[in-house]
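Working notes for the structure below.
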Amino acid sequence: MDMHGFDSDGSDIDLNFEGFESEEEENEFVPDDPLERAQQCDFLDTEEEEEDEFRGFQVDWRTDNYLRRHTKPFSRTPGVKQPIPLDASPLDVFSLIFTDELWDTLVTETNRYAEQVRAQTPTTSKWTPVSKTEMRTFLGLCLCFGILKLPARRDYWRQTKWLYQTSVPRAMSRDRFDMIWRYLHLQDNLDPALDKSDKLWKIRRFMDLLLLQFQALYEVNGYVSVDESMVKYKGRLAFRQYLPMKPVKWGIKVWVMAESQTGYVNNFQVYTGAIAGKTETGLAHRIVSDLATPYFDSNLCVYMDNFYTSVKLLLDLHHRGVQACGTVHAGRKDLPKNKELTKKAGLNKHAFNVAQQDDLTFCVWQDTKTVMVLSNFHDPTAHGSVKRRTGG
Numbered sequence: 015m016d017m018h019g020f021d022s023d024g025s026d027i028d029l030n031f032e033g034f035e036s037e038e039e040e041n042e043f044v045p046d047d048p049l050e051r052a053q054q055c056d057f058l059d060t061e062e063e064e065e066d067e068f069r070g071f072q073v074d075w076r077t078d079n080y081l082r083r084h085t086k087p088f089s090r091t092p093g094v095k096q097p098i099p100l101d102a103s104p105l106d107v108f109s110l111i112f113t114d115e116l117w118d119t120l121v122t123e124t125n126r127y128a129e130q131v132r133a134q135t136p137t138t139s140k141w142t143p144v145s146k147t148e149m150r151t152f153l154g155l156c157l158c159f160g161i162l163k164l165p166a167r168r169d170y171w172r173q174t175k176w177l178y179q180t181s182v183p184r185a186m187s188r189d190r191f192d193m194i195w196r197y198l199h200l201q202d203n204l205d206p207a208l209d210k211s212d213k214l215w216k217i218r219r220f221m222d223l224l225l226l227q228f229q230a231l232y233e234v235n236g237y238v239s240v241d242e243s244m245v246k247y248k249g250r251l252a253f254r255q256y257l258p259m260k261p262v263k264w265g266i267k268v269w270v271m272a273e274s275q276t277g278y279v280n281n282f283q284v285y286t287g288a289i290a291g292k293t294e295t296g297l298a299h300r301i302v303s304d305l306a307t308p309y310f311d312s313n314l315c316v317y318m319d320n321f322y323t324s325v326k327l328l329l330d331l332h333h334r335g336v337q338a339c340g341t342v343h344a345g346r347k348d349l350p351k352n353k354e355l356t357k358k359a360g361l362n363k364h365a366f367n368v369a370q371q372d373d374l375t376f377c378v379w380q381d382t383k384t385v386m387v388l389s390n391f392h393d394p395t396a397h398g399s400v401k402r403r404t405g406g
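Take the sequence shown: its position 140, counted from the start at 1, is 154 in my numbering, and no numbers get skipped.
Below is the structure:
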């Protein structure tokens, strides 16, 4: 199917009105009274303004005489924002993300919480305030435990069984690790300014600091994708999610915006479930808008799947200076109703049909099954090729 764009209004007739006056212009009545002439001019101006408001507003989807569209360049400079030496170690890069402010928060709040708990329930166990060096060792061991997995946490300190022998005891004793684990904290529970209606109030400040560092260190290349990610967790938690189609089925769901090429996370939100027992309406619309907020008016290109894509969302993002594209569910509102633009089009394999409405481009493409795509910046006349893997 070959389609070409037209810069005209769709008419092939070229009329020349030069030197021609219509009967309406010859018989046009011009009031003698200056006041009447002024009122007539005001009326005509108002009519023109109303026409300007609706000019370009297209109610129906067109399937020919397409208006050309061009992708606008990303207005920011992509890449690393802070210089990193060529000989930098992984620890040096990690230190750029996990700053001294984060370490100080961990140390201060852990010691504060230990004092509060021990003041309320005196115990005979000995406690000494944790230092920044100890906290670094503690977090390093936690990362190691995620790589080398043993049946129980206490097994990392076993020395009698050759199968479990590790160097962990030389870094920190088991009792000291258990004590820090018990009092590990990120927020002062007694702070009167806390909003405890937020289900993440205990870690909100810490997450915000991490997110600021993600955005301060690196600028995406202008192409990002939005999707949900699962953090594996099987403990007791009010907003734990079960997604049977995901590789990680039980855990904490996080809405993530990440650079398409590298997977670098530049924005995220943790999903905390229904609010006051009611499912949030317009959840997908709000999530994409929230994640794209730092990039309004930057011509960022956002790609998403059919859980998020809708006509209303793409129009809203277009007005906010964000370019968006995604597969769309056939049951979404305001999509074309023509049979050749639905899943019942009966297209041959790899054939496609295109429609346009104002700034939106809609495409039905027949792959192994029918794929429907909606975009607010792609040119409906453009063609491309896709490399397919056959036989692996």
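Every residue, glycine too, gets a C-beta built ideally from N, C-alpha and C.
Bridge-paired residues (DSSP) for residue i
i	result
Glu233	Gly93
Gln371	Leu374
Tyr256	Trp264
Gln380	Thr384
Trp269	Glu242 and Gln283
Val336	Leu314
Ser389	Cys339 and Thr375
Arg76	Gln370
6 Å CB neighbourhood of residue i in its chain, flanking five on each side removed
i	result
Leu120	Met149
Arg167	none
Thr384	Lys357
Phe282	Val268 and Val270
Gly70	Low per-residue confidence applies at Gly70: pLDDT is 45, beneath 50, and the placement is therefore not dependable enough to give any value.
Arg346	Ser324
Thr85	Phe391
Gln227	Ile111
His333	none
Beta-carbon gap between residue i and residue j smaller than 8 Å
i	j	result
Ala338	Asn280	no
Val268	Lys246	no
Asp387	Leu355	Note that residue 387 is Val in the sequence shown, not Asp. No.
Asn313	Ser145	no
Arg83	Ala369	no
Glu123	His199	yes
Val302	Val342	no
Glu115	Leu223	yes
Lys292	Phe253	no
Asp4	Arg300	Outside the displayed span of the chain (15 to 406) sits residue 4, for which this structure offers no information.
Phe191	Leu157	no
Met244	Leu225	no
Asp319	Gly340	yes
Val238	Ser274	yes
Nonlocal neighbours in the same chain, by C-beta distance under 8 Å from residue i, ignoring five residues either side
i	result
Tyr178	Leu164, Asp169, Tyr170 and Arg172
Pro99	Asp106
Asp74	Gln371
Phe366	Met15, Cys377, Val378, Trp379 and Gln380
Ile194	Thr124, Val144, Glu148, Met149 and Phe152
Ala288	Glu294
Tyr285	Glu242, Phe253, Gln255, Ile266, Lys267, Val268 and Trp269
Asp209	Trp215
Residue i burial status per 10 Å Cβ neighbour count (16 or more: buried)
i	result
Met259	exposed
Phe310	exposed
Pro394	buried
Pro136	exposed
His6	It is not possible to answer for residue 6, since the shown part of the chain is limited to 15 through 406.
Glu35	With a pLDDT of 40 at Glu35, under the threshold of 50, the predicted position of this residue should be treated as unreliable, though the coordinate-derived value follows. Exposed is the call here.
His392	buried
Gln134	exposed
Thr323	buried
Ile161	exposed
Val94	exposed
Val400	exposed
Ile111	exposed
Pro350	buried
Leu328	buried
Gly405	exposed
Arg402	exposed
Gly236	buried
Leu204	exposed
Any non-hydrogen atom of the ligand ATP within 7 Å of residue i CB
i	result
Ala272	For the structure depicted, the ligand ATP is absent and the ligand set is empty, with no information on it obtainable.
Any chain B beta carbon closer than 8 Å to residue i
i	result
Trp264	This model lacks chain B altogether; it includes just one protein chain.
Own chain, CB closer than 7 Å to residue i, minus 5 neighbours either side, in chain order
i	result
Tyr278	Tyr232, Val234 and Ala272
Val336	Ala306, Tyr309, Phe310, Leu314 and Val316
Asn362	Gln380
Ala298	Phe321 and Tyr322
Pro87	Asn313
Asp348	Val325
Trp141	Ala128, Arg132 and Met193
Ala344	Thr356, Lys357 and Met386
(Q) Please give me, in chain order, every unbroken run of the alpha helix (DSSP H) with length at least 4 that falls completely inside the segment 274 to 331. (A) 297 to 306
Q. Can you list the alpha helix (DSSP H) stretches of 4 or more residues lying completely in the segment 174 to 210, in chain order?
A. 182 to 185 and 188 to 197
Q. Which ranges would you report for the alpha helix (DSSP H) in the segment 97 to 160 if only whole runs of at least 4 residues count?
A. 104 to 111 and 114 to 134
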